[in-house]
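Sequential numbering of the sequence shown, starting at 179, is according to our numbering.
Have a look at the structure below, then the notes.
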Amino acid sequence: MLSRVANSIYWMTRYVERAESLARFVDVTLNVALDQPGDVEAQWQPLVLATGDEKQFFERYSSYTPDNVLRFLTFDRDYDGSIITSLSIARENARTVREVISSEAWEVLNEFYLMLKRASTKLGIADEIEFFNQVKRYGHLLDGVLQSTMTRDLGWWFAHMGRYLERADKTSRIIDVKYFTLLPSPTDVDTTLDDLVWSAVLRSVDAFEMYRKRYHSLTLSRIVSFMVLDAEFPRSVHFCVREVGKALRKITPANAGESYAISLVQEIESQLTGATASGIINNGVHEFIDSMQQDFNRLGASINESFFARRKLSTAEQ
Numbered sequence: 179m180l181s182r183v184a185n186s187i188y189w190m191t192r193y194v195e196r197a198e199s200l201a202r203f204v205d206v207t208l209n210v211a212l213d214q215p216g217d218v219e220a221q222w223q224p225l226v227l228a229t230g231d232e233k234q235f236f237e238r239y240s241s242y243t244p245d246n247v248l249r250f251l252t253f254d255r256d257y258d259g260s261i262i263t264s265l266s267i268a269r270e271n272a273r274t275v276r277e278v279i280s281s282e283a284w285e286v287l288n289e290f291y292l293m294l295k296r297a298s299t300k301l302g303i304a305d306e307i308e309f310f311n312q313v314k315r316y317g318h319l320l321d322g323v324l325q326s327t328m329t330r331d332l333g334w335w336f337a338h339m340g341r342y343l344e345r346a347d348k349t350s351r352i353i354d355v356k357y358f359t360l361l362p363s364p365t366d367v368d369t370t371l372d373d374l375v376w377s378a379v380l381r382s383v384d385a386f387e388m389y390r391k392r393y394h395s396l397t398l399s400r401i402v403s404f405m406v407l408d409a410e411f412p413r414s415v416h417f418c419v420r421e422v423g424k425a426l427r428k429i430t431p432a433n434a435g436e437s438y439a440i441s442l443v444q445e446i447e448s449q450l451t452g453a454t455a456s457g458i459i460n461n462g463v464h465e466f467i468d469s470m471q472q473d474f475n476r477l478g479a480s481i482n483e484s485f486f487a488r489r490k491l492s493t494a495e496q
């Protein structure tokens with residue numbers, strides 16, 4: 179498979195997952211804001227801080243109002259991390275490899291993009307919640323279509339790898355954002371308000387029901403165990419890393435030996451297998467997640483270098 183084609187498929191699913199994850203971030207804030215009236219800017223600022231793009235935000239907006247943050251994260255075409263920009267990039271990548279992906283996948287992705295294009299930023303609160311739920315449903319739909327219509331060849335495994343690497347990063351990020359910024363005060367830990375916020379986080383990643391089937395109460399230790407360390411729940415960090423490793427082994431030639439990317443993903447998975455929720459909490463949830471995100475960045479760079487970066491020609495080849 180040409181590296182150009184593999185690169186387009188990989189980034190197609192990464193950008194779709196990125197858009198869906200951003201919708202989940204906003205969904206948490208919308209639901210918490212409904213149940214916890216208070217300082218509006220303090221509720222919406224964390225969404226921008228989580229992107230690391232505060233500078234870009236203040237180039238065009240003056241304050242962290244709900245309308246400004248929603249416009250920036252959802253429909254701002256000048257911001258390369260917005261939902262509509264992410265879908266636009268995903269759609270363009272898909273367009274260039276239409277002969278590789280299934281026609282059903284292209285139709286769903288195109289419909290997804292057109293829905294966003296038609297959507298208005300002037301939505302009432304009920305409509306906003308439904309809109310972001312619709313974004314998540316389209317993400318589910320595309321995932322299901324890819325699963326059921328594509329041969330498990332190299333193209334599918336590159337798509338699979340992109341989706342799960344992005345999901346691992348965003349699951350860890352949403353926990354980090356909640357842990358540090360969604361509660362008004364440290365004194366709210368282990369209170370009804372704490373339960374409310376964690377419930378919103380679990381619901382935002384479609385984890386609430388599965389969590390409740392295993393645990394009867396909401397505690398930080400159990401949530402870290404479920405959303406970070408669980409190897410069976412499909413949105414946990416550990417599960418996602420394991421799927422990235424599986425994809426890497428499928429797409430790496432048998433005679434290529436062990437690549438740095440495979441070594442790195444094995445190292446990350448080993449850390450997650452050996453970690454405990456109590457150990458993560460005692461040593462710092464933020465510190466653990468920050469280290470994971472740095473590992474994910476290194477892994478993404480290694481994947482790019484191994485499969486997509488243009489190789490310099492030798493003198494004999496020029």
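Just so you know, even glycine gets a beta-carbon here, dropped at the ideal spot from N, CA and C.
When rounded, the separation of the alpha-carbon atoms in Val406 and Gly457 is 12 Å. Distance from the CA atom of Val204 to the CA atom of Ser382, rounded to whole angstroms, is 9 Å. Met190 is not a Cβ neighbour of Ala297, given a cutoff of 8 Å.
By the CB criterion at 8 Å, Val206 and Val226 fall outside the cutoff. Under the 8 Å Cβ criterion, the segment 453 to 469 does not count as touching the segment 338 to 348, having fewer than three qualifying pairs.
The distance from the Cβ of Val323 to that of Val286 is about 5 Å, consistent with a contact at the 8 Å cut-off. Burial state of Thr451 is exposed, judged by a 10 Å Cβ sphere holding fewer than 16 other Cβ atoms. With at least 16 other beta carbons inside 10 angstroms of its own, Gln221 counts as buried. Three or more beta-carbon pairs separated by less than 8 Å link the segment 267 to 275 to the segment 182 to 197, which places the two stretches in contact. Remark: C-beta atoms of Gly259 and Asp305 do not approach each other more closely than 8 Å. In the structure shown, Phe411 falls within a coil segment according to DSSP collapsed to helix, strand and coil.
If you look at Glu447, you'll find it in the alpha helix (DSSP H) that goes 438 to 452.
Look at His394 here: in three-state DSSP terms it is coil, with no helix or strand label. Ile261 and Pro431 have their C-alpha atoms spaced approximately 35 Å apart. Cβ atoms of Glu447 and Gly478 stay farther apart than 8 Å, at about 16 Å. Looking at Ile481, Arg390, Ala409, the one whose alpha-carbon comes closest to that of Val443 is Ile481.
The DSSP-derived three-state label of Tyr257 is coil. Asp254 counts as buried, since no fewer than 16 other beta carbons sit within 10 angstroms of its beta carbon. Ser281 is the residue among His318, Ser281, Ile352, Thr229 whose C-alpha sits nearest the C-alpha of Thr329.
Ser240 counts as exposed, since fewer than 16 other beta carbons sit within 10 angstroms of its beta carbon. Selection Leu320, Thr454, Ser441, Leu294 evaluated against Phe404 yields Thr454 as nearest (Cα-Cα).
Burial check for Glu410: the Cβ neighbour count within 10 Å stays below 16, so the residue is exposed. Here DSSP, grouped into helix, strand and coil, assigns Arg296 to helix.
Between Tyr316 and Phe290, the C-beta gap is smaller than 8 Å, which places the two residues in contact. In the displayed model, Leu180 falls within coil according to three-state DSSP, outside both helix and strand.
Distance from Ser350 to Val415 at the Cβ level is roughly 5 Å; contact confirmed, criterion being Cβ atoms closer than 8 Å. Taking Leu426 as reference, the option from Trp334, Leu251, Thr229 with the minimal CA-CA separation is Trp334. Rounded to the nearest whole angstrom, the CA to CA distance from Lys295 to Ile352 is 26 Å. Of the candidates Ser395, Asp473, Val194, Val210, Val194 places its Cα closest to the Cα of Asp321. Annotated three-state conformation of Ser281 is helix, per DSSP. The C-beta of Glu344 has 16 or more other C-beta atoms within 10 Å across all chains shown, which makes the residue buried. Between Asp347 and Phe474 the beta-carbon gap is near 5 Å, inside 8 Å, which marks them as a contact.
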